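Residue numbering for the sequence shown is 1 to 780, as defined by full-length UniProt numbering.
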Amino acid sequence: MQLAVLSGFVLAAFAPLLQRWCAARTSLVLALYPAALALWLLTQLPAVMGGEVLVFSLEWVPSLGMSLTFVLDGLSMLFALLITVIGTFVLIYAGGYLKGHPDLVRFHVVIVAFMVSMLGLVLADGLMTLFVFWELTSITSYLLIGFNHTDLEARKSARQGLFVTVGGGLALMAGLVMLAIAGDSWSLQELLSSGDVLRDHALYLPMLLCLLGGAFTKSAQFPFHFWLPNAMAAPTPVSAYLHSATMVKAGIYLLARLHPGLGGTEAWIGILSVVGALTMFTGAFLALRHTNIKKLLAYSTIMALGTLTMLLGIGTEGALIAFVTFLLAHSLYKGALFMIAGILDHETGTKDVTAMGGLRRLMPVTALVACIAALSLAGVPPLFGFIGKELMFESVLEAGSFRAIIFLLSFSAAIFTIAVAAIVVLRPFFGERRETPKAAHEAPSAMLAGPVGLAILSLLFGLVPVLAGTGLLTAAASAVAGESLSVSLSLWHGINLPLIMSLISLALGYLLFRHWDRVRGNLSRLDPLFAHGPEAGYENLMDGIVRISEWQTRVLQNGYMRNYIMVMVVVLIALVGNSLLLRHAPAFAISFDVQFHEAVVTGLMVAGALFACISRSRLGAVASVGIMGFCIALTFILFSAPDLGITQLLVETLTVILLILVLFRLPRFASLSTPLERVRDLVVAGSMGVLIMLLILTVVASNQFVPVSGYMIENSVPLAHGRNIVNVILVDYRALDTLGEIFVLALAAIGVIAMLKLRAPKPEAKGAGKGQGAKESADG
Numbered sequence: 001m002q003l004a005v006l007s008g009f010v011l012a013a014f015a016p017l018l019q020r021w022c023a024a025r026t027s028l029v030l031a032l033y034p035a036a037l038a039l040w041l042l043t044q045l046p047a048v049m050g051g052e053v054l055v056f057s058l059e060w061v062p063s064l065g066m067s068l069t070f071v072l073d074g075l076s077m078l079f080a081l082l083i084t085v086i087g088t089f090v091l092i093y094a095g096g097y098l099k100g101h102p103d104l105v106r107f108h109v110v111i112v113a114f115m116v117s118m119l120g121l122v123l124a125d126g127l128m129t130l131f132v133f134w135e136l137t138s139i140t141s142y143l144l145i146g147f148n149h150t151d152l153e154a155r156k157s158a159r160q161g162l163f164v165t166v167g168g169g170l171a172l173m174a175g176l177v178m179l180a181i182a183g184d185s186w187s188l189q190e191l192l193s194s195g196d197v198l199r200d201h202a203l204y205l206p207m208l209l210c211l212l213g214g215a216f217t218k219s220a221q222f223p224f225h226f227w228l229p230n231a232m233a234a235p236t237p238v239s240a241y242l243h244s245a246t247m248v249k250a251g252i253y254l255l256a257r258l259h260p261g262l263g264g265t266e267a268w269i270g271i272l273s274v275v276g277a278l279t280m281f282t283g284a285f286l287a288l289r290h291t292n293i294k295k296l297l298a299y300s301t302i303m304a305l306g307t308l309t310m311l312l313g314i315g316t317e318g319a320l321i322a323f324v325t326f327l328l329a330h331s332l333y334k335g336a337l338f339m340i341a342g343i344l345d346h347e348t349g350t351k352d353v354t355a356m357g358g359l360r361r362l363m364p365v366t367a368l369v370a371c372i373a374a375l376s377l378a379g380v381p382p383l384f385g386f387i388g389k390e391l392m393f394e395s396v397l398e399a400g401s402f403r404a405i406i407f408l409l410s411f412s413a414a415i416f417t418i419a420v421a422a423i424v425v426l427r428p429f430f431g432e433r434r435e436t437p438k439a440a441h442e443a444p445s446a447m448l449a450g451p452v453g454l455a456i457l458s459l460l461f462g463l464v465p466v467l468a469g470t471g472l473l474t475a476a477a478s479a480v481a482g483e484s485l486s487v488s489l490s491l492w493h494g495i496n497l498p499l500i501m502s503l504i505s506l507a508l509g510y511l512l513f514r515h516w517d518r519v520r521g522n523l524s525r526l527d528p529l530f531a532h533g534p535e536a537g538y539e540n541l542m543d544g545i546v547r548i549s550e551w552q553t554r555v556l557q558n559g560y561m562r563n564y565i566m567v568m569v570v571v572l573i574a575l576v577g578n579s580l581l582l583r584h585a586p587a588f589a590i591s592f593d594v595q596f597h598e599a600v601v602t603g604l605m606v607a608g609a610l611f612a613c614i615s616r617s618r619l620g621a622v623a624s625v626g627i628m629g630f631c632i633a634l635t636f637i638l639f640s641a642p643d644l645g646i647t648q649l650l651v652e653t654l655t656v657i658l659l660i661l662v663l664f665r666l667p668r669f670a671s672l673s674t675p676l677e678r679v680r681d682l683v684v685a686g687s688m689g690v691l692i693m694l695l696i697l698t699v700v701a702s703n704q705f706v707p708v709s710g711y712m713i714e715n716s717v718p719l720a721h722g723r724n725i726v727n728v729i730l731v732d733y734r735a736l737d738t739l740g741e742i743f744v745l746a747l748a749a750i751g752v753i754a755m756l757k758l759r760a761p762k763p764e765a766k767g768a769g770k771g772q773g774a775k776e777s778a779d780g
């Protein structure tokens, strides 16, 4: 399983080569990968539906007890099928939508990498594995949102999405670490089986807040919802995949996965219920302000994400069944609608629904598919979206906490969503025919395959809900609940309160659509209020970061190396000195048992250092530095470290020679500092010297642990077959460190060679071809 999924990264790397071989069919060839994974997942579906949890473990670092473990249960199966099936349709769709695009190869590389990252996220069992894939989805989505990198708006939106989601990712990392500490395990399966321990732990509340911070930013919950509509700067295939079916549901997946272990508490119910309901209302309400079809769909996606979060917060058996049902329904109709939006933009040249009209005669298939998907969005029978909305209303009526506010927000959101669904389908395809920038015509089959397939599934699951309810959704709901549930879906439950709510919302939603132009005009009066919303807070935060950066660059990074060194030394003195003197109060004894020759060598070192500081002769300063270095080498030799002594001699000799060679290219000595600044530098340098002395005395006097030198002496010959212990330490005990040093030196050498090779072109000889030179100057 791990190899099948992670091979997608290899496939992404070979996408440029496939483009060279397959040309226009590359998208179809790449679509075979998620299609094959979907077929394999379907072969495992009977076992998962039977209640089995399939575990696939691959040893990673056995010596550290680390393995790459994937878990396939009902929840991960539902998400994995959504990722692979919709991913197949999106890749086929992208082949038509981006046909002839110069950066199509780059799109293929990143979209496949994102697909694999998302699969790894929903299948991961280890907390750190989940976090790695979580961050990979953020990075790849950043590249996809900013796909049109020459567009300033696309770059800004990509950066905004990255900052918000990665900021939440840092909170998530802290939450995962606390989760592992509280549950004493890094495995999700083990952690979720000890829910009582997690809920009673002292770290529960901070852990929950950090985990919710990561999930809320990823899934665009209020007040982090603003980045999702701005991400519509991405190409439509990206919007259809990332922002309807996959990435934005990563946070929803995390909440659902953690529900058995962390759910059921007052904090969980209160935060998720209220934030989810508020997000649901905010998304549906803000959608009415826009005429861009992708923005309309983006805000309705925020509505759906809030609905899913609210249902997890309510947490009853009915709410969890409604959760998995609504999740599947939304992925089907919203993926189809985003692709329809791309078709309209591709074939008409505009995204503005007010600039379109009467397209059903020119685009009959697109119009039919759009009607089916929009009816599912509105919750009209017999579409699958109707079943999801009915279950949502029923769950809201059964909510224990915050029932009144949840009911009011969810019912209002349903009315707004119906109006949005009507705007999306009725404005472009019905009414008076309007001229569009491009002559409208039916989309190619590659672009219609995805929306047609998803619309058919929405209709099929609505007409025969048993196809979804008795199998996959039962397993998924059971995984979210942490116990066996029975999902029984039907299109007709009789005349009850949820049905009455649906009918009233349909009527009010259509009425709102009829007066949408006037409502939109009135909502424009609230623009000053919206200008001070969460997005304005984000912009102010970014501006503040820039201002702080400008200040610290002007004050700290002003181009003078001496200032850089002084700042680093002062910070080191402050932090280490505080820890050493105030917190640990070191106790050490100073011994004056010094031999005469040792005192002479030390005196020479001190004299060399002082003379180098006060000398006005550059050659004298270099010689003084050399004296100090050679005395250090002599100290090594006196204390039986010939290897270090020889190394110091070689390095010091080479350094002195290089300094003398460049001596005459340096400017003359000049006084660039005032006497007061030199006194300041003296104090800083002296403080640093005293700190290092105290650290050395403290280390020598402390005896908290058994010295590691004994182990190295005993095992140098039997383990490493070497009698030179220093060499054994470098080559065997510190092999990776030495390899890193060799790599750094090799990289520096390559850089030096490159600089030596880059020489300025020689000037032309005097009098050579004046006319030709004038011509070249004019051409330049």
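Glycine residues also receive a C-beta, built at the ideal position from the N, C-alpha and C atoms. Bear in mind the structure is a predicted one, so any value in this text is a computation, not a measurement.
Beta-carbon proximity of residue i to residue j, cut-off 8 angstroms
{"i": "Tyr212", "j": "Tyr204", "result": "The question names Tyr, but residue 212 in the sequence shown is Leu. No, Cβ-Cβ distance for Leu212 and Tyr204 is not below 8 angstroms."}
{"i": "Ile293", "j": "Leu344", "result": "yes"}
{"i": "Ala475", "j": "Gly74", "result": "yes"}
{"i": "Ser141", "j": "Gly168", "result": "no"}
{"i": "Val420", "j": "Ala287", "result": "yes"}
{"i": "Thr137", "j": "Ser157", "result": "no"}
{"i": "Ala440", "j": "Ala336", "result": "no"}
{"i": "Gly342", "j": "Pro444", "result": "no"}
{"i": "Pro235", "j": "Ile340", "result": "no"}
{"i": "Gly462", "j": "Pro382", "result": "yes"}
{"i": "Leu506", "j": "Val353", "result": "no"}
{"i": "Ile271", "j": "Leu305", "result": "no"}
{"i": "Leu30", "j": "His108", "result": "yes"}
{"i": "Leu258", "j": "Cys210", "result": "no"}
{"i": "Ser484", "j": "Gly51", "result": "yes"}
{"i": "Ser244", "j": "Thr291", "result": "no"}
{"i": "Leu472", "j": "Leu78", "result": "yes"}
{"i": "Pro465", "j": "Ile545", "result": "no"}
{"i": "Leu154", "j": "Lys99", "result": "Note on residue identity: the sequence assigns Ala, not Leu, to residue 154. No. Outside cutoff."}
Close-in-space but distant-in-sequence residues of the same chain around residue i (CB under 8 angstroms, 5 per side omitted)
{"i": "Ala719", "result": "A small correction: the amino acid at residue 719 is Leu; Ala does not occupy that position in the sequence shown. Contacts found: Asp732."}
{"i": "Leu311", "result": "Gly276, Ala319, Leu320, Ala322, Phe323, Phe326, Met392 and Ser395"}
{"i": "Leu499", "result": "Glu390 and His493"}
{"i": "Val5", "result": "Leu37, Phe70, Val116, Leu119, Gly120 and Leu123"}
{"i": "Pro534", "result": "Phe222, Pro223, Phe224, His225 and Phe226"}
Spatially closest choice to residue i from the options, by CA coordinates
{"i": "Ile181", "options": "Ser193, Ala202, Ile406 and Val164", "result": "Ala202"}
{"i": "Ala355", "options": "Gly342, Leu375, Ala378 and Arg427", "result": "Arg427"}
{"i": "Phe429", "options": "Val369, Ile387, Gly379 and Phe461", "result": "Val369"}
{"i": "Leu208", "options": "Leu262, Asp527 and Trp186", "result": "Leu262"}
{"i": "Gly96", "options": "Leu192, His346, Leu172 and Ile405", "result": "His346"}
{"i": "Pro260", "options": "Val177, Ile504, Thr316 and Thr698", "result": "Thr316"}
{"i": "Trp60", "options": "Phe611, Arg25 and Gln2", "result": "Gln2"}
Sequence-distant residues of the same chain with beta carbon closer than 7 angstroms to residue i, five excluded per side
{"i": "Phe281", "result": "Leu409, Ser412 and Ala413"}
{"i": "Gly626", "result": "Glu652 and Val656"}
{"i": "Ser777", "result": "Confidence is the limiting factor: at Ser777 the pLDDT is only 39, short of 50, which leaves the residue's position unreliable, though a coordinate-based value still follows. None."}
{"i": "Arg434", "result": "Ala355, Met356, Gly357 and Gly358"}
{"i": "Phe133", "result": "Ser117, Gly120, Leu121 and Ala124"}
{"i": "Ala641", "result": "none"}
Same chain, Cβ closer than 6 angstroms to residue i, neighbours up to 5 away in sequence not counted
{"i": "Gly509", "result": "Ile415, Ile418 and Ala419"}
{"i": "Pro437", "result": "Gly349 and Thr350"}
{"i": "Thr84", "result": "Pro34, Leu37 and Ala38"}
{"i": "Phe407", "result": "Val396"}
DSSP-derived helix/strand/coil call for residue i
{"i": "Thr655", "result": "helix"}
{"i": "Phe338", "result": "helix"}
{"i": "Val464", "result": "coil"}
{"i": "Asn292", "result": "strand"}
{"i": "Asp517", "result": "helix"}
Whole-Å CB distance - residue i paired with residue j, under 8 angstroms assumed
{"i": "Ala329", "j": "Ser488", "result": "That pair is no contact at about 16 angstroms."}
{"i": "Pro206", "j": "Tyr299", "result": "No, Pro206 and Tyr299 are not in contact; Cβ-Cβ is about 32 angstroms, not under 8 angstroms."}
{"i": "Glu432", "j": "Thr366", "result": "No, Glu432 and Thr366 are not in contact; Cβ-Cβ is about 18 angstroms, not under 8 angstroms."}
{"i": "Ser624", "j": "Phe636", "result": "Between Phe636 and Ser624 the Cβ distance is about 20 angstroms, and since that is not below 8 angstroms, they are no contact."}
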